[in-house]
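Written out below as structure tokens is the structure these notes cover.
In the working numbering, the protein residues as written are 366 to 653.
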């Protein structure tokens with residue numbers, strides 16, 4: 366049985382015509398009696414602060430810092446009978462720093478965000494026991510730019526992150542926490558000849574991952590590119606009915622998604638599972 370109580374306050378202040386300050390805080394109390402009749406009690410403070418500066422017309426600069434506290438919580442039902450908590454399990458404490466900018470001028474837009482986050486005493490399972498395994502750090506950047514011309518719009522985005530557990534890159538064996546993936550580029554093209562009709566193309570390119578936790582155990586992850594297309598139509602004026610036809614992996618690319626690779630050098634079994642090939646889907650949605 367688990368119980369969580371929380372109090373929070375959050376507000377925005379317009380310091381000047383171009384500067385907005387956001388700040389708040391939360392305090393939580395956690396109580397847990399697990400399936401082994403172990404009792405856990407913890408409480409913690411989670412503050413946050415952010416600033417937004419409209420430097421020029423269309424140009425916005427921002428920065429934020431936040432901390433988060435998460436106490437001991439109940440486990441998922443499907444593992445509750447064969448996993449237990451370490452009696453010395455501690456709460457998790459996280460911090461996150463973000464710096465960035467975004468810009469828009471007429472039909473052009475762009476943005477970039479740099480982030481640095483840490484979860485102290487992160488919890489995962491070691492065998493059949495949930496316990497604290499150390500500090501999970503992640504640094505990276507996300508960026509995008511786009512342009513719209515009449516009925517056509519395009520957007521290109523980029524994402525890079527380098528998650529590490531206790532100074533070692535995450536690998537597939539850390540799957541309960543995450544894993545490492547190559548730098549990712551995504552291109553979206555949308556054509557909307559009328560309000561009720563839209564065509565789209567999405568292309569995702571993941572770069573080869575060469576920086577792995579242990580090259581004697583974990584192989585490099587090959588890069589890949591996957592393309593999806595769709596058509597969306599609302600045939601009724603009241604927008605109650607919508608029809609979507611989509612084709613995933615148009616060129617039937619054979620690839621292994623970096624997020625679910627799970628391969629080990631020398632293992633005849635753990636060689637990863639290929640992602641789905643070409644996939645046709647037709648969806649009908651009716652709202653009433």
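Yeah, the Cβ is synthetic: ideal placement off N, Cα and C, and Gly gets one too.
Computed from a predicted structure; not experimentally measured.
Query	Result
CA-to-CA distance, residue 420 to residue 383, given in whole angstroms	7 Å
Proximity of residue 451 and residue 496 at Cβ, strictly below 8 Å	yes
Cut-off 7 Å between Cβ atoms - residues of its own chain near residue 589, not counting five sequence neighbours on either side	571, 618, 620
Whole-angstrom distance between residue 416 and residue 464, CA atom to CA atom	10 Å
Cβ pair residue 580, residue 614 closer than 8 Å	no
Residue environment, residue 558, which counts as buried when at least 16 other CB atoms sit within 10 Å	exposed
Buried versus exposed call for residue 666 [16 or more other C-beta atoms within 10 Å across all chains shown]	Since the first residue of the chain shown is 366 and the last is 653, residue 666 is not available in this structure.
Beta-carbon proximity check, residue 512 vs residue 576, cutoff 8 Å	no
Straight-line gap, residue 499 to residue 474 (C-alpha atoms, nearest Å)	40 Å
Beta-carbon proximity list for residue 526, same chain, < 6 Å, skipping 5 on both sides	503, 505
Beta-carbon gap between residue 405 and residue 397 smaller than 8 Å	yes
Beta-bridge pairing of residue 489 - partner residues as DSSP gives them	496
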